[in-house]
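Some notes on the structure that comes next.
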Amino acid sequence: MRRRILSSLAYILVREGHIFLPAADYSCGKYTAHEHVKTQHVLDAWERPCMKKETTNGSRPQRLAWLLAIGLKGGHSEGNPGDGQTPAEVLENILGTQLPLDPTLPNSLPTVLSWTSDEVLSAAGRTICDLLLNPQTHLVVIRTLKDYGKGLVRRAGSGAKETAATVIYYAAIASGLVFHGRKITRHSYGTLHEAYTELDRKSWIPSELKDLFGRAHAICRQRKQEA
Amino acid sequence: MAKEGHKTALRGWNEPFPTTHWTDILEVRSGDEPHRQAALEKLSVRYWKPVYYYLRCKGHHHEEAKDLTQGFFHEVVVGHHLVQQARRAKGKFRTFLLTVLERYAVSVHRAETAKQRVPEGGLLRLEEIDSLKVEDLLHYTTPSDAFDYGWALALLDQVIAQVAEECHERGKDIHWVVFHAKVVQPILTNVERPSLARLCERYGIRSNIMASNMIVTVKRRFQSVLRRHVRYFVNSESEVDEEIRHLMRILSRCGAGS
């Protein structure tokens with residue numbers, strides 16, 4: 001009986017926010033009062049967000065967009081696309097998705113950029129294809145797309161996904177060269193020239209991207225000769 | 228605000244059939260006082276921010292915009308106008324409400340008459356209206372963008388409050404605290420995101436994986452609640468993503484000048 005009373009008391013204290021329980025005990029609903037006494041922590045205001053009124057007032061609007069991004073379903077997927085698909089199909093899927101903006105995903109932009117780049121939010125809701133082909137896309141976004149493509153290549157391992165991700169990687173580099181006149185990789189112009197020559201042979205790459213590669217190819221050839 | 232999640236025998240997140248915005252508006256006009264007050268509270272939470280932001284961007288100063296906000300709800304939303312016009316309305320409710328508000332704001336003399344018509348003490352409880360930081364917004368935002376901006380803010384306020392409350396009711400306070408520390412707080416207050424290891428140490432969580440699972444659990448609920456709130460105002464499920472993206476673009480645009 002004494003144990004039950006103590007347990008009930010502890011439960012009430014927890015619900016009212018006066019004491020804190022280790023998550024493992026707490027989530028299972030197993031309350032043992034004497035253990036609570038040993039482990040309890042008083043939750044200060046920082047630790048008790050559910051007890052006070054939260055407000056968006058005064059928060060930076062662009063950052064709030066990250067919270068909205070959690071609600072998106074049709075956008076980025078951290079799933080496993082590509083199984084049984086051709087490189088063209090995988091590439092089409094990637095190009096048609098929005099950037100991974102969900103701040104809870106490990107490879108999302110807020111995580112990649114450590115929350116520092118508001119420019120990236122100008123990319124909110126736009127597809128990767130739009131961003132790669134738009135001269136107005138900020139260089140920070142293009143760099144992020146390059147890193148994103150690189151990450152996809154690493155995770156893909158091999159096959160159609162790797163091939164499609166490689167295209168995204170070089171498309172971001174091409175976008176930097178063509179629209180901003182900046183080389184955003186340590187690869188030499190010679191190496192890039194060879195890569196774009198190779199990509200030009202891929203008939204399955206969408207024509208808009210091939211045009212971009214063609215322009216990047218010309219720039220690399222010129223810079224290579226100048227060097 | 229209506230609770231959209233309840234405990235069930237299986238302790239899952241129960242999803243009751245959602246009401247529509249028209250249900251709430253009709254409730255306000257019913258003679259039943261408790262229902263009327265509850266519906267007014269819902270309307271207040273959902274709509275006053277977009278209306279107020281719009282009016283400020285239209286050039287009305289704070290006190291004037293407050294009176295007009297009260298007047299808009301009294302004369303248009305609770306009055307007959309909105310329901311009557313809604314019979315002819317098509318498309319999204321947000322767009323419809325903005326159109327009605329634009330018409331209302333055309334006659335500036337209403338600022339004075341609105342104050343006279345609204346019941347003493349105001350029709351709605353406009354929480355935090357006196358502390359809103361809107362000055363920066365006024366210089367570089369159109370009134371319609373300001374309306375959508377206020378809409379997005381009100382939406383997020385409601386979703387955050389509801390998810391926090393549901394976590395609390397379900398005994399998942401620690402889940403919410405971890406999600407809040409890792410995701411919500413860095414966004415709202417611009418603080419650095421704590422590592423999972425730090426959160427585990429601080430809250431006595433056994434492993435990073437467990438903390439990560441907690442974040443995913445709340446994230447799923449956050450997503451579900453957010454989508455339900457958005458669904459409330461659009462015509463089909465397929466429009467939810469489009470509406471969220473629109474609001475993201477608005478926030479991005481409004482923040483670009485700050």
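Line by line, the protein sequences are chains E and V. Note that the numbering used here numbers the first sequence so that position 127 is 127, with each residue one more than the last. For the numbering used here, count along the second sequence from 1 and bump the result up by 227. Think of the CB as a built atom: it goes at the ideal place given N, C-alpha and C, for glycine as much as any other residue. Treat the numbers as computed from the prediction; the structure is a model and nothing was measured.
In summary, the residues of the segment 447-475 of chain V whose CB is separated from some CB of chain E by less than 8 Å are F449, Q450, L453, R454, V457, V467, D468, I471, R472, H473, L474, M475, in the order they occur in the chain.
Look at C481/V: its C-beta is under 7 Å from a C-beta on chain E. The straight-line gap separating the alpha-carbon atoms of P261/V and E290/V is approximately 29 Å. R472/V and H187/E have their C-alpha atoms some 36 Å from each other.
Rounded to the nearest whole angstrom, the C-alpha separation of I173/E and L72/E is 28 Å. Residue state for T127/E is assigned as strand, using DSSP reduced to three classes. Counting only residues of its own chain and dropping the five nearest sequence neighbours on each side, L282/V has a CB closer than 7 Å to the CB of A292, L295, T296, A332. For Y170/E, the three-state secondary structure derived from DSSP is helix. Residues of chain V whose Cβ lies closer than 7 Å to the Cβ of G96/E do not exist; the shortest such Cβ separation is about 13 Å.
Taking a beta-carbon distance threshold of 7 Å, T137/E does not count as an interface residue toward chain V.
The beta carbon of L95/E is closer than 6 Å to those of I128, C129 in its chain, skipping five residues each way along the sequence. Residues of chain E with a Cβ closer than 7 Å to the Cβ of L423/V do not exist, since the nearest Cβ in that chain sits about 11 Å away. For I142/E, not one C-beta of chain V is nearer than 7 Å to its own C-beta.
In this structure, A171/E lies away from E162/E, with their beta-carbon atoms at least 7 Å apart.
Linking V418/V to Q412/V through their CA atoms gives a straight-line distance of about 7 Å. Annotation for D372/V: I477, R480, C481 place their beta carbon closer than 7 Å to its own, counting only its chain and skipping 5 residues before and after. The beta carbon of I401/V is closer than 8 Å to those of Y430, I432, M441 in its chain, skipping five residues each way along the sequence. Between A165/E and L152/E, the C-beta spacing is below 7 Å. For R215/E, the CB contacts under 6 Å within the same chain, skipping 5 residues up- and downstream, are V178 in chain order. By the criterion of at least three beta-carbon pairs nearer than 8 Å, the segment 268-283 of chain V is in contact with the segment 369-388 of chain V. One finds nothing in chain V with a Cβ atom closer than 9 Å to the Cβ of L145/E; even the nearest lies about 17 Å away.
For Q412/V, the enclosing alpha helix (DSSP H) starts and ends at 412-416. Remark: C-beta atoms of V404/V and A438/V do not approach each other more closely than 7 Å.
Residue contact with chain V for I70/E: present (Cβ-Cβ distance below 7 Å to some residue of chain V). D259/V carries a coil assignment under DSSP once its states are collapsed to helix, strand and coil. Looking at the backbone, the Cα of H456/V and that of D375/V are separated by about 15 Å. DSSP places T197/E in the uninterrupted alpha helix (DSSP H) bounded by 189-200. When DSSP states are grouped into helix, strand and coil, E464/V belongs to the coil group.
Looking at the backbone, the Cα of Y196/E and that of F213/E are separated by about 6 Å. Excluding residues up to 5 positions away in sequence, V457, V461 lie with their Cβ nearer than 6 Å to the Cβ of E470/V in the same chain. With a contact defined as Cβ atoms closer than 8 Å, A408/V and L423/V miss out at about 10 Å. Considering only I184/E, Y169/E, Q225/E, the residue with the shortest C-alpha distance to L199/E is Y169/E. Close to A379/V, with beta-carbon spacing below 9 Å, are these residues of chain E in chain order: T56, P61, L64, A65, L68. Our two residues, R273/V and L324/V, have alpha carbons roughly 12 Å apart in a direct line. Between K446/V and Q385/V, the alpha-carbon positions lie close to 15 Å from each other.
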